[in-house]
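Shown next, in structure tokens, is the structure this report addresses.
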Amino acid sequence: MGRAAAGVVHRLTERRETVATVESLTGGLLAATIVEIAGASAVYRGGLVVYATELKEWLAGVPARLLAERGPVDADVAVALAEGGRRRCGADWGLATTGVAGPEPQDGKPVGLVFVAVAGPEGTQVRQLNLDGGRDQIRGATVTEALRLLTEHTQISDGADATVGGGGRSGHAGR
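Counting the sequence shown from 1 gives a position; the numbering used here is that position plus 107.
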């Protein structure tokens with residue numbers, strides 16, 4: 108996890124961009140992993156831990172209807188969390204986690220079903236993970252995969268910036 112976080116902090120520092128996190132199953136582990144890296148204060152805006160379903164709506168802005176129809180462990184919920192965190196924290200990038208760490212299934216969703224999402228200047232992406240192991244392994248793997256997803260998107264964004272000559276902050280979250 109630390110190596111992935113160091114890469115994110117370094118990359119965002121180079122780009123002069125920021126990130127915010129919105130976490131459910133990781134319960135703050137993603138934020139803690141990022142801020143363990145020296146220099147994180149230059150890129151980490153802050154985050155939300157929205158463990159309770161209603162907080163996903165109240166704090167992160169996930170539509171109540173989406174939560175009612177699909178529940179908190181869903182790809183579109185992960186996207187809404189990332190977009191909401193980006194918007195609420197005023198960051199260039201939003202990074203979100205939601206899923207089931209166990210030990211029991213949740214609302215018919217199996218242990219190890221996880222969604223990580225990133226929202227940024229070029230839009231959003233969600234990735235479904237089907238992880239094995241206990242709670243600690245699932246939470247740790249989720250943090251690593253979320254950071255990898257952000258790294259991939261900053262590289263994609265680099266290509267887009269080179270094409271259009273852009274860069275810097277964007278004030279909107281596209282999908």
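Glycine is no exception: its CB is placed at the ideal position from the N, C-alpha and C atoms.
Enclosing beta strand (DSSP E) for Glu130 [first to last residue]:
Position 23 of the sequence shown, counted from the first residue, corresponds to residue 130. Run containing Glu130: 126-130, per the beta strand (DSSP E) assignment.
In three-state DSSP terms, what is Thr258?
Position 151 of the sequence shown, counted from the start, is the residue given in the question as residue 258. Three-state DSSP puts Thr258 in a helix.
Same chain, Cβ closer than 7 Å to Gln235, neighbours up to 5 away in sequence not counted:
The count along the sequence shown starts at 1 and reaches residue 235 at position 128. So the qualifying residues of the chain are Ala182, Phe222.
Could you say which of Gly135, Ala145, Ser148, Gly168 lies nearest to Tyr158 if we only look at CA atoms?
Looking up residue 158 in the sequence shown gives position 51. Among Gly135, Ala145, Ser148, Gly168, the Cα nearest to that of Tyr158 is on Gly135.
Please report the straight-line C-alpha distance between Lys163 and Ile245, rounded to a whole angstrom.
Position 56 of the sequence shown holds residue 163. Position 138 of the sequence shown holds residue 245. Rounded to whole angstroms, Lys163 to Ile245 spans 21 Å at the Cα level.
Assuming Val207 contacts Val180 (C-beta within less than 8 Å), just tell me the rounded distance between them.
Position 100 of the sequence shown, counting from 1, holds the residue named residue 207. Position 73 of the sequence shown, counting from 1, holds the residue named residue 180. Correct: roughly 6 Å between the Cβ atoms.
To the nearest angstrom, report how far apart Thr205 and Val156 are at their CA atoms.
Reading the sequence shown from its first residue, position 98 is the one you call residue 205. Reading the sequence shown from its first residue, position 49 is the one you call residue 156. The alpha-carbon atoms of Thr205 and Val156 are separated by roughly 11 Å.
Which residues DSSP lists as bridging Tyr151, in chain order
Your numbering for residue 151 matches position 44 in the sequence shown. Paired residues: Val126.
For the alpha helix (DSSP H) containing Thr231, list its first residue and its last residue.
Here residue 231 refers to the residue found at position 124 of the sequence shown. Note, Thr231: premise wrong, no alpha helix (DSSP H); beta strand (DSSP E) at 230-237.
Could you compute how far the alpha carbon of Ala138 sits from the alpha carbon of Pro217?
Along the sequence shown, read from residue 1 onward, the residue named residue 138 stands at position 31. Along the sequence shown, read from residue 1 onward, the residue named residue 217 stands at position 110. Approximately 25 Å, taken between the alpha carbons.
Bounding residues of the beta strand (DSSP E) (the contiguous stretch that carries Leu173)
For the purposes of this step, residue 173 is identified with residue 66 of the sequence shown, where counting begins at 1. That residue, Leu173, is in no beta strand (DSSP E); its alpha helix (DSSP H) goes 171-177.
Does DSSP put Thr251 in a helix, a strand or coil?
The residue given as residue 251 occupies position 144 in the sequence shown. DSSP places Thr251 in helix when its eight states are reduced to three.
Rounded to whole angstroms, what's the CA-CA distance from Leu173 to Gly227? Just pull it up for me.
Counting from one through the sequence shown, the residue named residue 173 turns up at place 66. Counting from one through the sequence shown, the residue named residue 227 turns up at place 120. About 21 Å.
Could you tell me the boundaries of the alpha helix (DSSP H) in which Thr140 lies?
Within the sequence shown, the letter at position 33 stands for residue 140. 136-142 is the extent of the alpha helix (DSSP H) around Thr140.
Beta-carbon separation of Val129 and Gly191 under 8 Å?
Indexing the sequence shown from 1 puts residue 129 at position 22. Indexing the sequence shown from 1 puts residue 191 at position 84. Note that the C-beta distance between Val129 and Gly191 is below 8 Å.
Have a look at Gly197, Glu176, Leu188 and flag the residue whose alpha-carbon is nearest the alpha-carbon of Trp165.
Translated into positions along the sequence shown, residue 165 becomes position 58. Ranking the options by Cα distance to Trp165, first place goes to Leu188.
Going straight from the alpha carbon of Ala248 to that of Leu238, what length do you get?
As a working mapping, residue 248 is identified with position 141 in the sequence shown. As a working mapping, residue 238 is identified with position 131 in the sequence shown. Answer to the nearest angstrom: the Cα atoms are 8 Å apart.
Beta-carbon within less than 8 Å of Val126's beta-carbon, same chain only, minus the 5 sequence neighbours each way: which residues are those?
Taking the first residue of the sequence shown as 1, we reach residue 126 at position 19. Val115, Leu119, Ile141, Val150, Tyr151, Arg152, Ala198, Asp199, Trp200, Gly201, Leu202, Leu257, listed in sequence order.
Specify the secondary structure class of Val156 as computed by DSSP and reduced to three states.
Position 49 of the sequence shown, counted from the start, is the residue given in the question as residue 156. It is a strand residue.
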